[in-house]
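2 protein chains.
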Amino acid sequence: MTNDLRLDEADSHILALLSRDGRMTNAELAAAVGVAPSTMHARVKSLIERGVITGFHASIDQARLGKGLQAMVGVTLRAGSRQESILAFSQAIRRLPQVIQVFFVGGTDDFLVHIAVESSADVRTFVVEHLSAQQTVASTRTSIIFDYHRNAVAAEFE
Amino acid sequence: MTNDLRLDEADSHILALLSRDGRMTNAELAAAVGVAPSTMHARVKSLIERGVITGFHASIDQARLGKGLQAMVGVTLRAGSRQESILAFSQAIRRLPQVIQVFFVGGTDDFLVHIAVESSADVRTFVVEHLSAQQTVASTRTSIIFDYHRNAVAAEFE
DNA sequence: CATGAAACGCTAATGCC
DNA sequence: GGCATTAGCGTTTCATG
Numbered sequence: 001m002t003n004d005l006r007l008d009e010a011d012s013h014i015l016a017l018l019s020r021d022g023r024m025t026n027a028e029l030a031a032a033v034g035v036a037p038s039t040m041h042a043r044v045k046s047l048i049e050r051g052v053i054t055g056f057h058a059s060i061d062q063a064r065l066g067k068g069l070q071a072m073v074g075v076t077l078r079a080g081s082r083q084e085s086i087l088a089f090s091q092a093i094r095r096l097p098q099v100i101q102v103f104f105v106g107g108t109d110d111f112l113v114h115i116a117v118e119s120s121a122d123v124r125t126f127v128v129e130h131l132s133a134q135q136t137v138a139s140t141r142t143s144i145i146f147d148y149h150r151n152a153v154a155a156e157f158e
Numbered sequence: 001m002t003n004d005l006r007l008d009e010a011d012s013h014i015l016a017l018l019s020r021d022g023r024m025t026n027a028e029l030a031a032a033v034g035v036a037p038s039t040m041h042a043r044v045k046s047l048i049e050r051g052v053i054t055g056f057h058a059s060i061d062q063a064r065l066g067k068g069l070q071a072m073v074g075v076t077l078r079a080g081s082r083q084e085s086i087l088a089f090s091q092a093i094r095r096l097p098q099v100i101q102v103f104f105v106g107g108t109d110d111f112l113v114h115i116a117v118e119s120s121a122d123v124r125t126f127v128v129e130h131l132s133a134q135q136t137v138a139s140t141r142t143s144i145i146f147d148y149h150r151n152a153v154a155a156e157f158e
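Protein chains in written order, with full-length UniProt numbering: chain P, 1 to 158; chain L, 1 to 158.
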């Protein structure tokens, strides 16, 4: 893995701007930061090549897609679960269309699964069918999300 | 709030593609979906105007920024906390540079705060200084994040 | 609601400082 | 590393079916 080179002030500024609006044109970015468009082009390219910027993504209003309810489901696995079954479980969960994010954590829970669904009935269906039914799952704990704020889009990692 | 109009297959396809790569050119999108560039332009514009796509954002590798450690901190508020102090608390938390996401939830916890920091010492500092020190905070529960997967970037809401 | 054509603007590469 | 230039490409508008 390439190590992190320290970023200067301009880079931080660029990242802040592209976090907010990933479709700012190169020309706009250059004007905002105070460099020439060609310079900005090289800088953004460098940030991407160095892996600081890992991608650009549209953010989607799940409610407009009919999924007006979001929840965070904490999952605790059975104590004796094998590595392979845990891996298989997490990979299966990721692919479900209700799932927005999955956090594999250490602590009270083993996983946190962020979902968006149509109704509270769907929350229950999701938990029962995809979580509780699994051999590796010991228990789940569901929290409805009332309010959601995002400062940045974090890159995936493992 | 404008209601959700049902999206057709092409719209879903567009959303999937722009979720993955928000900087696909209009021409590429058009070719992928099988319509003319001018048609694609109108469709994407419509998705934005209808509020389905709420924005585009660069995703950033926090580790490359020197923040190689992520955690989810569950926060429980004091039972007697007033609405205003809760609101003030949540708004203050949002602005901290370590914070990636904040979920206001119902259940065991009242908030879930997703943070990225340099070291485990920073996790502790964050919790102690910004959470435990607050009058409204009753308790916190920190979980280190080992693995993170994202299927979509959800729009903020309240 | 989709399309092709055309004008415009931006990107991205090059060579120079 | 920053910059100006420029060729090529993508976007965006509009009249038309």
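In this text, a Cβ means the ideal position worked out from N, Cα and C, and glycines have one as well.
Bear in mind the structure is a predicted one, so any value in this text is a computation, not a measurement.
Counting of Cβ neighbours within 10 angstroms places F146(L) among the exposed residues, the total staying below 16.
Distance from the Cα of Y148(L) is smallest, within the candidate group D109(L), A116(L), H130(L) and I48(L), for A116(L). Here K67(P) is buried: its Cβ has 16 or more other Cβ atoms, across all protein chains shown, within 10 Å.
Taking a Cβ-Cβ threshold of 7 Å, the residues of chain P close to M72(L) are F103, V105 and L112, in chain order. Taking a Cβ-Cβ cut-off of 8 Å, I86(L) has no neighbours in chain P, whose nearest Cβ is about 11 Å from it. When CB distances to chain P are screened at a threshold of 9 Å, the residues of the segment 124-150 of chain L falling below it are R141, T142, S143, I144, I145, F146, D147, Y148, H149 and R150, in chain order. Contact check between the segment 105-114 of chain L and the segment 70-81 of chain L: three or more CB pairs, one atom from each, fall below 8 Å, which counts as touching. The C-beta distance from L15(L) to I60(P) rounds to 6 Å, short enough to fall under 8 Å. In this structure, the CA atom of N26(P) is about 9 Å from the CA atom of V44(P). Taking 3 residues as the minimum length, the beta strand (DSSP E) runs contained wholly in the segment 48-104 of chain L are 53-60 and 69-77, in order along the chain. Residues of the same chain with a CB within less than 7 Å of the CB of V33(L), apart from the 5 flanking positions on each side, are A10, H13, I14 and M40 in chain order. Of the residues F157(P), S132(P) and R6(P), the one whose Cα lies closest to the Cα of R78(P) is S132(P). Using a CB distance cut-off of 9 Å, R64(L) counts as an interface residue toward chain P.
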